[in-house]
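S.K.: Let me give you the structure first, and then I'll get to my questions.
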Amino acid sequence: MARTLKVVDAHAHLGECCVFGLLTTEEQLVRRMDESGIDATIIQPFPGATNAEETHNRIAELCVKYPGRFFGLASVSPHGDYDAYYREVERCVRDLHFVGVKLHTIGHSVNPLTEDGDRVFSTAHELGIPVMVHTGPGVPFALPSLCIPAAQKYPGLNIILAHAGFAVFTAGAQVAASVCKNLFLETSWCIADDIRWMISTIGADRVMLGTDSPTNVPVEVAKYRALELEPEVYDKVMGSNAIEIFKLSSRGENVRAARGTASEARS
Ligand SMILES: [Zn+2]
Numbered sequence: 011m012a013r014t015l016k017v018v019d020a021h022a023h024l025g026e027c028c029v030f031g032l033l034t035t036e037e038q039l040v041r042r043m044d045e046s047g048i049d050a051t052i053i054q055p056f057p058g059a060t061n062a063e064e065t066h067n068r069i070a071e072l073c074v075k076y077p078g079r080f081f082g083l084a085s086v087s088p089h090g091d092y093d094a095y096y097r098e099v100e101r102c103v104r105d106l107h108f109v110g111v112k113l114h115t116i117g118h119s120v121n122p123l124t125e126d127g128d129r130v131f132s133t134a135h136e137l138g139i140p141v142m143v144h145t146g147p148g149v150p151f152a153l154p155s156l157c158i159p160a161a162q163k164y165p166g167l168n169i170i171l172a173h174a175g176f177a178v179f180t181a182g183a184q185v186a187a188s189v190c191k192n193l194f195l196e197t198s199w200c201i202a203d204d205i206r207w208m209i210s211t212i213g214a215d216r217v218m219l220g221t222d223s224p225t226n227v228p229v230e231v232a233k234y235r236a237l238e239l240e241p242e243v244y245d246k247v248m249g250s251n252a253i254e255i256f257k258l259s260s261r262g263e264n265v266r267a268a269r270g271t272a273s274e275a276r277s
């Protein structure tokens, strides 16, 4: 792709959330990225989006409007009609060129160990995309260890533990990642020294920047800067890991190719 990606935020949302009472606008996302030197952001709907399909379309439009700066990640409840779930995730991947799918343990009330939890993992496995799982607040469903069985069942599937346990369960996320090589740690809301600990124990290849909220963008970037990491380690955790895991280079080209599809989906 034409644009050189260096710093990537692996976790951000667009739109409204009736579960957590939040709202994030496109203007906030772009402004915070510019302020903090974020080259690209992976955007997903909130679990409390009033209409996840519409938000997926909005995200696809944003990807088209800012080529190479935004990449979509699908987030829709796996409860209920399985075919409808699969069709929407497949549409996001094949038509809108999204780069992953979310399993929201608390926002969608999904226990990763259940049949509905497995729908997310099996769908992603089939479509060849990674799964991001919310960990932290919302136990027991949000316990990082609950992702170990899926990571073992689908060894070729990359699973990103969003929030890496959210500080209070970070040790659990570290243990889970130490057991399964296909578990990755996205560190929004974590303690800076814990991020250093995860990098030193799990490795620089499996830890990545995420912000989750526009206010967090400068905060999360500051944590990594404060760690004074070796330049090659810093480059990995700040961007190249996300680029590799979410296959952003090739997807960036796809996003531009999807221009027509996204505008059709909107109309
Ligand atoms: Zn989030």
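Per the working numbering, the sequence shown starts with residue 11, numbered consecutively. All C-beta atoms in this analysis are idealised placements derived from N, C-alpha and C, irrespective of residue type, glycine included.
Please find out if some non-hydrogen atom of ligand 1 comes closer than 6 Å to the beta-carbon of Asp-19.
M.R.: Incorrect: Asp-19 has no Cβ contact closer than 6 Å to ligand 1.
S.K.: Measuring alpha carbon to alpha carbon, tell me which of Ala-177, Ser-85, Gln-38 and Ser-46 ends up nearest Thr-65.
M.R.: With distances taken between Cα atoms, Thr-65 lies closest to Ser-85.
S.K.: Could you spell out the range, first to last residue, of the beta strand (DSSP E) harbouring Gly-182?
M.R.: Careful: Gly-182 lies outside any beta strand (DSSP E), inside the alpha helix (DSSP H) at 180-189.
S.K.: Using the C-alpha atoms, what's the distance from Arg-79 back to Ser-46?
M.R.: Rounded to the nearest angstrom, the two C-alpha atoms are 14 Å apart.
S.K.: Curious, which full-length alpha helix (DSSP H) runs of at least 4 residues does the stretch 46-129 contain?
M.R.: With a minimum length of 4 residues, the continuous alpha helix (DSSP H) runs that stay inside the stretch 46-129 are 62-75 and 92-104.
S.K.: Spell out a yes or no on whether the stretch 119-126 and the stretch 175-183 are touching, meaning 3 or more CB-CB pairs, one atom from each, closer than 8 Å.
M.R.: Output reads no: the stretch 175-183 does not touch the stretch 119-126.
S.K.: Determine the DSSP secondary structure at Ile-158, reduced to helix, strand or coil.
M.R.: Looking at Ile-158 - three-state DSSP - the assignment turns out to be helix.
S.K.: Considering Met-208, what are the terminal residues of the alpha helix (DSSP H) in which it resides?
M.R.: Residues 202-212.
S.K.: Could you round the C-beta distance between Ile-341 and Val-185 to whole angstroms and report it? I think they count as a contact, below 8 Å.
M.R.: Residue 341 cannot be examined here, being either before or after the span of the chain that is shown, 11 to 277.
S.K.: DSSP state of Asp-215, grouped into three classes?
M.R.: Asp-215 falls in the coil class under three-state DSSP.
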